[in-house]
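*Asks:* Taken in order, these protein sequences are the chains called A and B.
Residues in the first sequence are numbered consecutively from 143, following our numbering.
Residues in the second sequence are numbered consecutively from 143, following our numbering.
Have a look at the structure that comes next, please.
2 protein chains.
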Amino acid sequence: MNTPVTHSPASPILAPEPGEDVGDYVRQVGQEARRACVLLARAPSAAKNRCLLELAHLLRQARDELLRANAVDVARARAGGLDSAALDRLTLGEKGVEAMATGVEQVAALADPVGSIEQVRPLPSGIRVGRMRVPLGVIGIIYESRPNVTVDAAALCIKSGNATILRGGSEAIESNRALAAIIAEAMAAAGLPRTAVQLIGTTDRAAVGHLVSHPEYVDVIVPRGGRGLIERLMRESKVPMIKHLDGICHVYIDDDADLEQAVRIADNAKTQRYGTCNTMETLLVARSVAGTVLPRLGAIYTAKGVELRCCPESMAILASAGIAKLVAATDADWATEYLAPILAIRVVAGVDEAIDHINTYGSKHTDSIVTMHHAKGMRFLREVDSASVMINASTRLADGFEYGLGAEIGISNDKLHARGPVGLEGLTSLKYVVFGDGEVRR
Amino acid sequence: MNTPVTHSPASPILAPEPGEDVGDYVRQVGQEARRACVLLARAPSAAKNRCLLELAHLLRQARDELLRANAVDVARARAGGLDSAALDRLTLGEKGVEAMATGVEQVAALADPVGSIEQVRPLPSGIRVGRMRVPLGVIGIIYESRPNVTVDAAALCIKSGNATILRGGSEAIESNRALAAIIAEAMAAAGLPRTAVQLIGTTDRAAVGHLVSHPEYVDVIVPRGGRGLIERLMRESKVPMIKHLDGICHVYIDDDADLEQAVRIADNAKTQRYGTCNTMETLLVARSVAGTVLPRLGAIYTAKGVELRCCPESMAILASAGIAKLVAATDADWATEYLAPILAIRVVAGVDEAIDHINTYGSKHTDSIVTMHHAKGMRFLREVDSASVMINASTRLADGFEYGLGAEIGISNDKLHARGPVGLEGLTSLKYVVFGDGEVRR
């Protein structure tokens with residue numbers, strides 16, 4: 143069943159020719175990707191895994207060279223006044239290189255989704271019908287300053303049999319060029335087409351607009367970056383995207399909550415990390431337990447430096463418990479993703495009001511109820527219209543690794559195709575396969 | 143777990159107020175649908191089935207009234223010079239009413255996909271993670287003159303818990319109004335919100351443009367109609383669509399085919415019905431068997447009045463077998479969906495050339511190989527990039543009923559979300575559900 147995979151002679155990190163129109167250049171990259179994706183889709187698991195293990199090896203071997211390329215980017219970015227958080231994301235470091243190599247090995251160890259056939263059933267006409275998992279085709283990854291995305295995304299696309307077009311932030315261009323050269327070497331070593339992973343070799347911002355304008359060359363765009371990037375792409379893209387705009391996640395502490403669990407979950411969901419999309423931004427508390435649980439949580443948050451933006455009722459409870467520095471919440475707070483040590487708090491009548499609040503102000507990302515009441519928990523799961531809904535767990539657990547996907551290319555808040563954390567399966571499609579013995583339509 | 147479903151007072155077939163802007167009107171319909179979809183998503187299976195069975199009953203009861211409304215449409219369309227094929231699609235008839243009622247009963251008998259939870263697995267942190275099937279939300283159906291689509295589509299959307307906005311062709315407006323009134327009556331009888339199924343109550347063509355411009359109110363558009371409609375919507379729609387543009391389907395007769403099966407399949411795939419999207423439009427034949435099988439097929443096609451457009455090689459074979467009236471195929475023939483008694487025929491070297499031809503000229507709809515060679519059959523399944531790929535079966539079997547889906551809202555040639563015939567499952571989405579016991583992120 144395996145067909146020989148032939149090399150394409152073209153380079154995967156071709157830059158535009160001097161004077162070449164950037165639109166023509168991106169079209170050429172797209173055409174190469176479209177050709178290469180057919181070959182990669184047919185590649186056997188063994189070749190894809192050989193490529194990934196070789197890639198991990200080459201990353202470790204080329205560590206010093208990678209760090210030198212990265213240092214050029216970091217120095218240029220620092221001189222250009224990039225802020226320290228972005229500089230931090232841009233910087234690779236020895237641990238960063240090792241993390242990339244380990245990540246690629248983990249992807250190699252995952253089961254290959256491509257070619258599996260599910261649910262074959264005999265039907266009255268005599269045909270047997272099932273569904274075969276196949277690659278989507280060409281995935282465009284648009285990201286910002288993190289160079290590790292170059293390797294992480296390429297590894298997931300290689301494993302799932304998809305060609306990739308990578309467009310990283312201009313600050314990381316030297317790091318990305320060095321990484322793309324290593325990926326190409328690993329592809330060639332495994333007999334896979336080098337143009338199946340291409341890096342857009344220009345920092346011209348117009349290239350992004352062209353990349354999202356060609357559904358004939360690119361099947362899906364995965365944007366990895368801040369709200370500004372995603373909003374721009376939502377306006378411009380003619381290619382479907384796997385994306386989420388923001389994560390306004392809630393924990394609702396129900397009347398029937400185990401309050402020890404409630405405190406543990408509400409603490410972790412807010413304070414384990416502030417800048418992630420699955421961090422809780424609004425805490426909802428049932429009136430009957432607010433007086434008991436809010437003072438305990440208020441003390442924890444205050445000790446950790448979290449600013450509390452409160453509805454009048456929660457403010458009264460927290461103030462009388464001696465919590466200082468409270469801020470009155472406005473309507474805008476319910477619809478804000480802080481990505482910072484700030485938490486909105488609201489007292490609600492019960493599960494109905496909690497579900498209404500979440501479906502009104504949330505972003506369909508991840509929401510959790512803390513309750514021991516079975517029926518209320520199941521209602522929350524059914525009626526909260528979010529990609530991940532939880533009973534008695536921290537929203538921070540909404541993650542590809544924690545869900546057992548092995549790795550994550552992104553998170554989708556949309557309902558079509560992939561929803562929630564997206565792993566290898568989200569980079570594939572199911573087509574119908576029919577096994578017949580001469581059957582015809584009557 | 144069931145919540146009471148409350149009635150919305152608004153009428154589901156509200157027409158715009160005199161002088162009201164059609165954009166404002168469609169927005170209002172969208173807002174009603176968005177509100178109603180929340181209630182329908184929570185509706186228990188029993189209520190949805192009660193509604194469908196009541197609908198079947200009311201359709202039969204109101205048969206004469208429906209035929210009178212339909213007669214008004216038909217008379218107006220005939221006076222307006224509508225062609226006879228379109229008049230035929232517009233005409234309901236007693237059998238048409240009975241077919242609608244039976245179809246609705248069949249949908250009632252299908253399993254409810256909403257609320258099922260799949261693949262719950264324990265994970266290292268202690269949480270158990272699965273996926274719950276839930277409705278998409280609001281489905282917009284845009285169709286042409288067939289009034290039965292009003293009922294067929296509404297039934298599938300009701301069963302899958304989705305609110306529907308129906309926009310039928312202006313020629314069918316009286317029939318559609320009468321059908322929508324009956325649907326509303328059935329909804330009310332089952333205690334479901336009447337505004338969960340709304341008919342756009344104006345024939346203003348601008349309404350379609352507005353309907354596809356509001357992703358905040360409409361989650362998916364399902365266009366049912368000819369190429370012109372689909373192409374227009376592909377340009378205009380800001381809402382994702384479940385659609386296919388055309389069906390250029392192939393049968394490839396391999397060197398290792400059972401020639402009895404080959405003749406039966408190639409005959410059925412072309413001549414069982416000419417105007418359907420899963421009808422074969424191009425026949426590919428391996429060189430080694432062309433001299434044997436083409437004369438037999440040529441005689442059958444000629445007897446049935448099928449015009450044959452041939453490559454030079456197939457033309458020589460057919461001509462020397464005494465088949466008259468052959469037409470030389472041009473490149474355009476390989477990329478044409480005839481929807482008529484016309485067939486393009488090409489001789490190829492073998493399975494490689496067949497796969498290349500299909501992936502180059504096909505429309506990713508349905509393609510079949512006739513072969514007894516296991517490895518070649520499996521390669522065809524893997525490498526032909528179409529929504530349905532078949533071994534030894536007629537392309538005419540690519541159909542929701544034949545695949546056991548029970549019914550079909552449409553067929554998708556796209557790779558994201560639903561692919562191939564789309565039934566109830568394609569109108570739903572999977573969200574992650576997490577069952578915890580106080581777990582947090584470490």
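For glycine and all other residues, C-beta sits at the position ideal for the given N, C-alpha and C.
1. Based on the DSSP secondary-structure assignment, which residues constitute the bridge partners of residue 271/B?
2. Beta-carbon separation of residue 354/A and residue 280/A under 9 angstroms?
3. Using 9 angstroms as the threshold, is the C-beta distance between residue 334/A and residue 308/A below it?
4. Answer yes or no: does any C-beta atom of chain A fall closer than 9 angstroms to that of residue 225/B?
5. So residue 382/B contacts chain A; which residues on that side make the cut at Cβ distance below 8 angstroms?
6. Just checking, does the stretch 281 to 288 of chain B make contact with the stretch 363 to 370 of chain B on the three C-beta pairs under 8 angstroms criterion?
7. Is residue 166/A buried or exposed, if buried means 16 or more other CB atoms sit within 10 Å of its CB?
8. Have a look at residue 190/A and residue 300/A and give me their C-alpha separation to the nearest angstrom.
9. Apart from the five residues on each side of it in sequence, which residues of its chain come closer than 6 angstroms, Cβ to Cβ, to residue 198/A?
10. With DSSP as the reference, identify every bridge partner of residue 340/A, one or two as the case may be.
11. Looking at the structure shown, is residue 160/A part of a helix, part of a strand, or coil, going by DSSP?
12. Would you say residue 579/A lies against chain B (beta-carbon separation less than 9 angstroms)?
13. Per DSSP, what kind of secondary structure is residue 392/A in: helix, strand or coil?
14. Report the option in 497/B, 430/B, 516/B, 425/B whose CA atom is closest to the CA atom of residue 478/B.
15. For a contact defined as C-beta to C-beta under 7 angstroms, what are the partners of residue 406/B on chain A?
16. Taking one C-beta from the stretch 207 to 214 of chain B and one from the stretch 336 to 351 of chain B each time, how about it: are there three or more such pairs within less than 8 angstroms?
17. Identify each residue in the stretch 286 to 315 of chain A for which the Cβ-Cβ distance to at least one residue of chain B is less than 9 angstroms, and report them in chain order.
18. Could you give the residue range of the alpha helix (DSSP H) that holds residue 410/B?
19. Could I get the ranges of all uninterrupted beta strand (DSSP E) runs contained in the stretch 470 to 515 of chain B, with 3 residues as the minimum, in chain order?
20. For residue 538/A, go through chain B and note every residue whose CB falls closer than 9 angstroms to its CB, in chain order.
21. Taking the alpha carbon of residue 206/A as the point to measure from, which residue in 418/A, 178/A, 321/A has its own alpha carbon closest?
22. Identify which residue in 574/A, 581/A, 377/A has its Cα closest to the Cα of residue 257/A.
23. Who are the Cβ neighbours of residue 306/B in its own chain at under 8 angstroms, not counting the five residues just before and after it?
24. Among 251/A, 394/A, 473/A, whose alpha-carbon lies nearest the alpha-carbon of residue 436/A?
25. With a threshold of 8 angstroms on Cβ separation, who are the neighbours of residue 312/A within its own chain once the five nearest residues in sequence on each side are excluded?
26. Taking Cβ-Cβ distances below 9 angstroms as the criterion, which residues of the stretch 409 to 433 of chain B are in contact with chain A?
27. Kindly indicate which three-state DSSP category residue 555/A falls into: helix, strand or coil?
28. Got a sec: is the Cβ-Cβ distance from residue 385/B to anything in chain A below 9 angstroms?
29. Between the stretch 561 to 573 of chain A and chain B, which residues of the former have a C-beta closer than 8 angstroms to a C-beta of the latter?
30. Kindly list, in the order they appear in chain B, the residues whose Cβ is closer than 7 angstroms to that of residue 532/A.
31. Nearest chain A C-beta to residue 529/B closer than 9 angstroms, yes or no?
32. According to DSSP, is residue 212/B helix, strand or coil?
33. Taking C-beta to C-beta, are residue 290/B and residue 578/A nearer than 9 angstroms?
34. In this structure, what does DSSP give as the bridge partners for residue 530/A?
35. Is the stretch 458 to 469 of chain A touching the stretch 385 to 404 of chain A in the sense that three or more CB pairs, one from each, lie closer than 8 angstroms?
36. Could you give the first and the last residue of the continuous beta strand (DSSP E) run that contains residue 424/B?
*Replies:* Inspection of the coordinates gives the following:
1. 263/B, 576/B
2. Not closer than 9 angstroms, so no.
3. no
4. Answer no: the Cβ-Cβ gap between residue 225/B and chain A never drops below 9 angstroms.
5. 382, 558
6. yes
7. exposed
8. 7 angstroms
9. 243, 246, 247
10. 307/A
11. coil
12. yes
13. strand
14. Nearest of 497/B, 430/B, 516/B, 425/B to residue 478/B, Cα basis: 425/B.
15. Residues of chain A passing the Cβ test: 580, 582.
16. no
17. none
18. 401 to 413
19. 484 to 490, 508 to 512
20. 582, 583
21. Answer by Cα proximity: 321/A.
22. 574/A
23. 175, 280, 281, 282, 283, 295, 296, 299, 300, 338, 339, 340
24. That would be 394/A, whose Cα lies nearest to the Cα of residue 436/A.
25. 345, 347
26. 409, 410, 411, 414, 415, 420
27. coil
28. no
29. 561, 562, 563, 571, 572, 573
30. 576, 578
31. yes
32. helix
33. no
34. 508/A, 574/B
35. no
36. 422 to 428
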